[in-house]
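Report on the following structure.
Set out below in structure tokens:
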């Protein structure tokens, strides 16, 4: 199909294509597509002869979603009425009777608990103008079914995404058109929830036993927890999709959907899992797409499961000038377990009226029974002609330099930690933290020249307190070798002790209401002191919260640990005071991390001698972050460098990257 469906002048065709893509992607992403009715657009009834009590968590009852308008101000959009209504409506299509949570008189066969997971709108409106921009709404839900004996029979996390068009005007800050994408994501999320419960083998077993008059007894998958953890992590997608996501705590395996005749035999064995990598290469290699410039998008798709993945495809969407000459669907085919398939597509940037940022969104889809990864999203600088002054956004830091760095550090060690989602649903998420750590880990190898076996990356649910202890206190000492350098990067959330000012990292299983699961920076330093490491460079991109019970009228300032004299330590702290660290939405990283990566690529080579030193990098990042926070967010975020500028210390002269 030609991609004129995405042409800006073909509004009606674009809407028709969007609806068709919604149906196609949803049918592929959800197992058991035979339950969808072509006449009504809703699934047929599952008609399970069960009476259930529906319990919606407070996160759903008070749900709202935020985005930034054309003036950069945060707008909150309430979504709880639509979300509650959609879930209740779909549950009535699954079960014979649904009771409200306050109905304590009626007898039920079980209960359905639901809590809100990740919820965000990806929308970037750079300025007030008469123009439309893609707006992607992503919602997550975690739900479970518990029988009348208190046995947990089914537990699942889902995410749904829908993309629409938001309209901005030159004479106002308001952005319109966000609501339809949010509503579409809500509908599909609720439908996915209904499909999961309607086909869950243990729930259907209870229903069948009740129908036959037998005692409704089923084997639980795990004892019911007192509270449900929220879904963690967020994803964006160019069209509506509902993707099952594994629970954050490993011991809760989800029940497989009931096999149906329409499913291939190999898929009835259970779900398999795909992962993929994507890179965009422009012909000029200046990381700016100019009008009529050829470019290539390369994909590497891997089957990490034990079952063959059928009908694997890559769906491309985004700015019309980028995707206009690309096929909307790239066929990958069947991928066997452990197999890696590589494909590439070539395109040419279409007509561009002015310098701006454009998106390219790449999404995997496959046959039923396949667990799909989050889509990949590029934010690319595009220009009608060669324009070096255009700011290059995420592509210039996410895409590794085309030639490996000349610096080689065979005895150095790199640790990158990014925890942005948490098991505790009350913990505020930190946007881009996991992504930050992943890219920093790549830089440790490709730019700083650290061997891959000596680089450790820890993100989100793998960042438990015990995981951090494993990295610093067991893995790190085993690296051995002669006196070496350790580079430690941490992105996420930390707490400041109200009495001492000591800073502690909050791991995935941590909580603001208890300090028992924290991992202090002092503990990190003690672990480093028990190794052969003689020089340490710390990069910290942390949002800082006060400890429980702290007096808000007398905030305690963080105390950044000093060296004990045995090691030379360089501190680069992106946010040294009690406040939230800014996220750089356009760059898709934390603000501090974005300029950290950009500086390592060469922007921090202040004396232009081809080498970026620790002192140069910290000075560059300090200036860029301070300026960006003031100009973009209208408040302060001033990074800390210790030793500071003007202080004599050999650690400030440590080379981090060599460009020549």
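Numbering (this note's numbering), first residue to last: 233 to 892.
For every residue, glycine included, the Cβ atom is placed at its ideal position computed from N, Cα and C.
Fair warning: this is a prediction, and the values are worked out from it, not measured in the lab.
Would you mind reading off the limits of the alpha helix (DSSP H) that contains residue i?
i, result
"residue 674", "665-678"
"residue 852", "846-860"
"residue 827", "823-830"
"residue 532", "Premise fails: residue 532 lies in the beta strand (DSSP E), 526-535, not in any alpha helix (DSSP H)."
"residue 435", "433-443"
"residue 552", "552-555"
Where residue i and residue j are concerned, what is the direct C-alpha to C-alpha distance, given to the nearest angstrom?
i, j, result
"residue 884", "residue 873", "10 angstroms"
"residue 834", "residue 681", "15 angstroms"
"residue 703", "residue 766", "18 angstroms"
"residue 305", "residue 596", "33 angstroms"
"residue 451", "residue 330", "Note that residue 451 scores a pLDDT of 46, beneath 50, so its modelled location is shaky; the value from the coordinates is reported in the next line. Cα to Cα, the separation comes out at about 23 angstroms."
"residue 420", "residue 319", "10 angstroms"
"residue 601", "residue 504", "7 angstroms"
"residue 309", "residue 664", "22 angstroms"
"residue 402", "residue 863", "20 angstroms"
"residue 285", "residue 293", "16 angstroms"
"residue 257", "residue 809", "Annotation note: pLDDT 36 at residue 257 (below 50); position unreliable, coordinate value reported separately. So the two alpha carbons sit approximately 45 angstroms from each other."
"residue 434", "residue 640", "56 angstroms"
"residue 311", "residue 295", "6 angstroms"
"residue 568", "residue 562", "18 angstroms"
"residue 850", "residue 694", "29 angstroms"
"residue 656", "residue 556", "43 angstroms"
Applying the 10 Å Cβ sphere with the 16-neighbour rule, what's the burial state of residue i?
i, result
"residue 383", "buried"
"residue 354", "buried"
"residue 349", "buried"
"residue 438", "buried"
"residue 889", "buried"
"residue 771", "buried"
"residue 775", "buried"
"residue 535", "buried"
"residue 406", "exposed"
"residue 368", "buried"
"residue 908", "Lying outside 233 to 892, the shown extent of the chain, residue 908 is not represented and no answer is given."
"residue 667", "buried"
"residue 509", "exposed"
Beta-carbon separation of residue i and residue j under 8 angstroms?
i, j, result
"residue 637", "residue 671", "no"
"residue 520", "residue 613", "yes"
"residue 417", "residue 385", "no"
"residue 730", "residue 778", "yes"
"residue 768", "residue 690", "no"
"residue 844", "residue 855", "no"
"residue 592", "residue 553", "no"
"residue 428", "residue 388", "yes"
"residue 648", "residue 610", "no"
"residue 760", "residue 799", "yes"
"residue 871", "residue 824", "yes"
"residue 708", "residue 645", "yes"
For residue i, does the three-state DSSP call read helix, strand or coil?
i, result
"residue 707", "helix"
"residue 357", "coil"
"residue 721", "strand"
"residue 699", "helix"
"residue 880", "coil"
"residue 632", "coil"
"residue 319", "helix"
"residue 786", "coil"
"residue 890", "strand"
"residue 423", "helix"
"residue 540", "coil"
Could you pull the start and end residues of the beta strand (DSSP E) that residue i belongs to?
i, result
"residue 367", "363-379"
"residue 753", "Residue 753 -> not in any beta strand (DSSP E); alpha helix (DSSP H) instead, spanning 753-761."
"residue 819", "Counting along the chain, residue 819 falls outside any beta strand (DSSP E), and DSSP gives it neither H nor E."
"residue 648", "645-650"
"residue 593", "588-597"
"residue 292", "Residue 292 -> not in any beta strand (DSSP E); alpha helix (DSSP H) instead, spanning 290-293."
"residue 800", "800-805"
How about residue i: is its Cβ closer than 7 angstroms to a heavy atom in the ligand NAD?
i, result
"residue 785", "Within the structure as shown, the ligand NAD is missing, as the structure has no ligands at all."
Let me see if you follow: with CB-CB separation under 8 angstroms, is residue i close to chain D or not?
i, result
"residue 591", "The structure shown contains no chain D; it is built from a single protein chain."
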